[in-house]
Each structure stands twice: as structure tokens, then as C-alpha cells.
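Q: Residue numbers (this note's numbering): 266 to 630. I have a structure here, written as C-alpha cells, and I will follow up with some questions on it.
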Amino acid sequence: MRVLGIETSCDESAVSIVEVQHGKTGVIANVVSSQIRLHQQFGGIVPEVATREHLRNLPQLVPGLMTQARLRFSDLDAIAVTQGPGLATSLLIGFSYARALGLAADVPVCGVNHLEGHLFSPFLTQSEKVEFPFIGLIVSGGHTLLVHAKGWNNYVKLGGTVDDAAGEAFDKVARLMDIPYPGGPKIEQFALEGNPEAYAFPRSFPQKDNFNFSFSGLKTAVRYFFEKNPHAHQDKGWTADLCASFQHAVVDVLARKAGNALAATGCKRLVASGGVLCNKALRIALAQACAEHGASLLVAEAKLCTDNAAMIAATAAEKLAVGIPLTLAQDIDPNLSLFTPQRGQAPVKNKEKFTRQLKQQSAAK
Ligand code: KG4
Ligand code: ZN
266 MRVLGIETSC
276 DESAVSIVEV
286 QHGKTGVIAN
296 VVSSQIRLHQ
306 QFGGIVPEVA
316 TREHLRNLPQ
326 LVPGLMTQAR
336 LRFSDLDAIA
346 VTQGPGLATS
356 LLIGFSYARA
366 LGLAADVPVC
376 GVNHLEGHLF
386 SPFLTQSEKV
396 EFPFIGLIVS
406 GGHTLLVHAK
416 GWNNYVKLGG
426 TVDDAAGEAF
436 DKVARLMDIP
446 YPGGPKIEQF
456 ALEGNPEAYA
466 FPRSFPQKDN
476 FNFSFSGLKT
486 AVRYFFEKNP
496 HAHQDKGWTA
506 DLCASFQHAV
516 VDVLARKAGN
526 ALAATGCKRL
536 VASGGVLCNK
546 ALRIALAQAC
556 AEHGASLLVA
566 EAKLCTDNAA
576 MIAATAAEKL
586 AVGIPLTLAQ
596 DIDPNLSLFT
606 PQRGQAPVKN
616 KEKFTRQLKQ
626 QSAAK
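This is the structure:
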């Protein structure tokens, strides 16, 4: 099973080819064109700028990827494209490109949920077969989710953020300190020199059976700190202590809740992904939480933690390989949920049927 993945849900134009062979999934080629520098001047992502970049990037990235992989389009079993959630206009570029390519190259196209891609990306890192059940922790710039994954398409939401995502909190706090977007990596760097106990920042929802997160209070606490100490960010020692204390508060809550989720469900494996998992303090805290609960930890390698297309292609390839029906992609859904079945036509299982339906679908339009 060989699948081309296309991911354009936010500010990365990403393409990849993965292959499932003898139950093992491997990355054949993986390219991410980051737009971070372009958006930095605005202090965050500007959707229109991202859209135009995707439009410019994809027609160059895909042929380059095929050359790198030494493959022809006829060697592909499917094209998997991010259907949502994400920025509508960014999703549309990847989606339209994938559908046009599918029609031109006679390859079936399926939509993949971006969050599902994150959820399974750690298995790809280890080239490990996906096994259920597990607790999934997705921590990115747009999402903070605790999931009880019971089987393919059977994901139960344990909790999520009620306001800012954890990565968003890193980025907003960084902005208060004049640190350019994305702030997470830089805050981690400053935190290395600081004392995590220097300031006692608030922790949200401390109850053991509450798996929701809230990070806006924490961000506000940092803002108040600067209002009281306006010159704090000019002092290296204060900055380091502040970053370390803020990071500690985020990491502490994430690790504690992940541990509580393991205890509540009896799951013996935590699978963690999303851009914030690049943070080493978080990885260490999660490993400790798992050890306390007799569970193992699976984390994606850094380049598969942040947005990429390998995770999109791999999710589709794994499903196709074990006979899980995929849905023909009809439209994007910027609010696509992980917890409701994907929209679209009746699901199909094999390539021939898939291709036939795609042709019927386009002939009908
Ligand atoms: O998964 P991702 O690439 O994009 C989304 O789907 O949102 O995550 C990006 C987020 C940003 O908020 C960034 O600040 C954060 O991940 N991030 C980090 C680190 N590296 C990236 N946060 C904390 N520590 C890091 N080392
Ligand atoms: Zn993401």
C-alpha cells in the first residue's frame, strides 16, 4: 500500500509518500515547506498569506517528491489529503490540488482528519503496527486533546482545552516577551537556564476526573507579572525563571492529566504527538507519568510532531492496509471532529471500487 499525502491545514505546505509493507509503515519521502519566516513579521499566521504560499508551493513540491522517491503516479494506491480541521482557505488549496491530481493521474483520493494524523504519528516514528487501546495526547498550536483510542474510528474524547491550546499559550506568552512566533522552542531554550519553581503559576482543573485543560488563566498570570514588573523581560535571569516556571505549569498539567487518564481507563500505553511534544521537559514528564502508572510511552520524532504529510499518508495507508474503509473526499471541513464519522459518500474498501466511485462522482458534476 503506497500513499501520497498532502497537508496544507495551516502554515506548512507538506507532501510525503509512505508505504505499508508486511504490516510495517515506512516513510519513502517527506518534504515540509515551512512558512514560519514569512509569518514572523506579522507575529502569527496570516491566512491569506498561507493560502497563496500553498498555491505556489504544491505544484513544485509534488513533482519534486515523486522524483526523489523515484515513483510514478501509477505506482500510488491512493492520495490522502487533509480534510480538516484547519484554516478553510489553506485546506482548500491542498484539497483542490489533490482532487485534480487524482483525476489526472487516475488515483483515488481520500480525506484524512488532521488530528487523526497527529494521533497515529508516533507509530510511524517507530515503524510500529498500530495497536489499540491507548491514550492519545495531542498537544499542538491549535489543539490540546486527551483521547481514549479504542479502535480505528473509535475514539472517545476524555478532555480538551476550553480556551487556548497549549502551543498557543507558549506563543502568546512568548509574544509578551517580544519573542518571535512560534514561541515554544525559544521558551524551552530560556527555561533551560531557569528555576521552574521560581513563580507559582496557576494550574487549571486539578480534579482527578476532569480531563479538560485551560491555559488562558496561566497566560493572564504571566501578563499580570509583566504589568507589575515592566522591566522583567530585559533581565536574563528573570526571563529564564519566568520561562521555566511557565513551562513547568503547562507540562505539569499535561503530564498529570495524561497519568490520570491512564489510571481511569486502565490503558497501558500513552501515545503523544503534536508540535509541543518537541519540548524535552514535556517528554520527560510524560515518561515519568507513564512509569508511575506502569504504562509505556510512544512519542513521535520531532519532525513528525509538527505538521507534516507523512502522518496524513500513513493514517490512510494503515487503514487501507487493514481493510478499514476510507471516505471519498467531497469537501473540506474546517471544524472536522475526531469524534464523529467523516462526511462524504458511502465508504469503499478497495482501489478498483474507489477509483470507479471517484470517476462516477466527477462525471456526475
Ligand atoms: O503541531 P504543530 O506544528 O501545529 C499545529 O497543528 O498547531 O504545533 C505548533 C506549536 C506552536 O504553538 C509551537 O510554539 C509549539 O508547537 N512548539 C513548542 C515547541 N516546539 C514547537 N512548544 C513548546 N516547546 C517546544 N520545543
Ligand atoms: Zn497540527
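By construction, the Cβ of each residue, glycine as well, lies at the ideal position given by its N, Cα and C atoms.
Is the beta carbon of residue 636 less than 8 Å from the beta carbon of residue 444?
A: Shown here, the chain extends from 266 to 630; a query on residue 636 therefore has no answer.
Q: Tell me, please, whether the region 403 to 412 touches the region 515 to 529 by the rule of three or more beta-carbon pairs shorter than 8 Å.
A: Contact between the region 403 to 412 and the region 515 to 529 is present, because at least three Cβ pairs lie under 8 Å.
Q: According to DSSP, is residue 470 part of a helix, a strand, or is it coil?
A: Residue 470 sits at position 205 when you count from the first residue of the sequence shown. DSSP places residue 470 in coil when its eight states are reduced to three.
Q: Within 10 angstroms of the Cβ of residue 281, are there 16 or more other Cβ atoms? Answer buried if so, exposed if not.
A: Indexing the sequence shown from 1 puts residue 281 at position 16. Answer is buried; the Cβ neighbour count reaches 16.
Q: Less than 8 Å between the C-beta atoms of residue 464 and residue 510, yes or no?
A: Counting from 1 along the sequence shown, the entry for residue 464 is found at position 199. Counting from 1 along the sequence shown, the entry for residue 510 is found at position 245. In this structure, residue 510 lies closer than 8 Å to residue 464 by Cβ.
Q: Indicate, with yes or no, if the ligand KG4 has a heavy atom lying under 7 Å from the CB of residue 453.
A: Here the question's residue 453 lines up with position 188 in the sequence shown. Because some heavy atom of the ligand KG4 lies under 7 Å away, the Cβ of residue 453 counts as near it: yes.
Q: What's the gap between the Cα of residue 568 and the Cα of residue 538?
A: Against the sequence shown, residue 568 aligns to sequence position 303. Against the sequence shown, residue 538 aligns to sequence position 273. Going by the C-alpha atoms only, they are around 11 Å apart.
Q: Identify whether residue 422 lies in helix, strand or coil by the three-state DSSP scheme.
A: Locating residue 422 in the sequence shown gives position 157, counting from the first residue. Correct three-state label for residue 422: strand.
Q: Does the separation of the CB atoms of residue 269 and residue 341 fall below 8 Å?
A: Against the sequence shown, residue 269 aligns to sequence position 4. Against the sequence shown, residue 341 aligns to sequence position 76. Yes, the pair counts as a contact, with Cβ atoms nearer than the cut-off.
Q: Do residue 576 and residue 416 have their C-beta atoms within less than 8 Å of each other?
A: For the purposes of this step, residue 576 is taken as residue 311 along the sequence shown, with counting starting at 1. For the purposes of this step, residue 416 is taken as residue 151 along the sequence shown, with counting starting at 1. No, the Cβ-Cβ distance between residue 576 and residue 416 is not below 8 Å.
Q: Does the distance from the C-beta atom of residue 519 to that of residue 535 stay below 8 Å?
A: Residue 519 sits at position 254 when you count from the first residue of the sequence shown. Residue 535 sits at position 270 when you count from the first residue of the sequence shown. Not closer than 8 Å, so no.
Q: Ignoring anything shorter than 3 residues or poking outside the region 314 to 349, list the beta strand (DSSP E) runs there in chain order.
A: Listed in chain order, they are 343 to 349.
Q: Can you check whether the CB of residue 452 is closer than 8 Å to the CB of residue 512?
A: Position 247 of the sequence shown, counted from the first residue, corresponds to residue 512. Position 187 of the sequence shown, counted from the first residue, corresponds to residue 452. Going by C-beta atoms, residue 512 is nearer than 8 Å to residue 452.
Q: Whose CB is closer than 5 Å to a heavy atom of the ligand KG4? List the residues in chain order.
A: In chain order, the qualifying residues are 405, 406, 407, 432, 435, 436, 447, 449, 450, 453, 539, 540, 541, 543, 544, 571, 572.
Q: Look up residue 391 in the DSSP assignment and say whether it is helix, strand or coil.
A: The residue you call residue 391 lines up with position 126 of the sequence shown. The answer is coil: DSSP assigns residue 391 none of H, G, I, E or B.
Q: Secondary structure at residue 300, three-state DSSP: helix, strand or coil?
A: Counting from 1 along the sequence shown, the entry for residue 300 is found at position 35. Residue 300: coil per DSSP, three-state reduction.
Q: Is any non-hydrogen atom of the ligand NAP found closer than 7 Å to the C-beta of residue 569, if you look at the structure I gave you?
A: The ligand NAP is absent from the structure shown, which contains only the ligand KG4 and the ligand ZN.
Q: Should residue 483 and residue 466 be called a contact, given that it needs their Cβ atoms to be closer than 8 Å?
A: Taking the first residue of the sequence shown as position 1, residue 483 is located at position 218. Taking the first residue of the sequence shown as position 1, residue 466 is located at position 201. Closer than 8 Å, so yes.
Q: Which of the three DSSP states is assigned to residue 587 in this structure?
A: In the sequence shown, residue 587 corresponds to position 322, counting from 1. Coil at residue 587, not helix or strand.
Q: Can you name the start and end residues of the beta strand (DSSP E) that residue 411 belongs to?
A: Mapped onto the sequence shown, residue 411 falls at position 146. Taken as a continuous stretch (DSSP letters only), the beta strand (DSSP E) holding residue 411 covers 409 to 416.
Q: Would residue 343 and residue 372 qualify as a contact pair, given that the criterion is a beta-carbon distance under 8 Å?
A: Residue numbering aside, residue 343 sits at position 78 when the sequence shown is read from its first letter. Residue numbering aside, residue 372 sits at position 107 when the sequence shown is read from its first letter. Against a cut-off of 8 Å, the Cβ pair of residue 372 and residue 343 comes out as a contact.
Q: Between residue 540 and residue 392, is the Cβ-Cβ spacing less than 8 Å?
A: Position 275 of the sequence shown holds residue 540. Position 127 of the sequence shown holds residue 392. The answer is no: Cβ separation not under 8 Å.
Q: Whole angstroms are fine: how far does the CA of residue 407 sit from the CA of residue 570?
A: For this step, residue 570 is matched to residue 305 along the sequence shown. For this step, residue 407 is matched to residue 142 along the sequence shown. Near 13 Å, if we compare the C-alpha coordinates of residue 407 and residue 570.
Q: Skipping 5 residues on each side, what residues in its chain have a beta carbon closer than 7 Å to that of residue 508?
A: Position 243 of the sequence shown holds residue 508. The residues are 452, 455, 456, 459.
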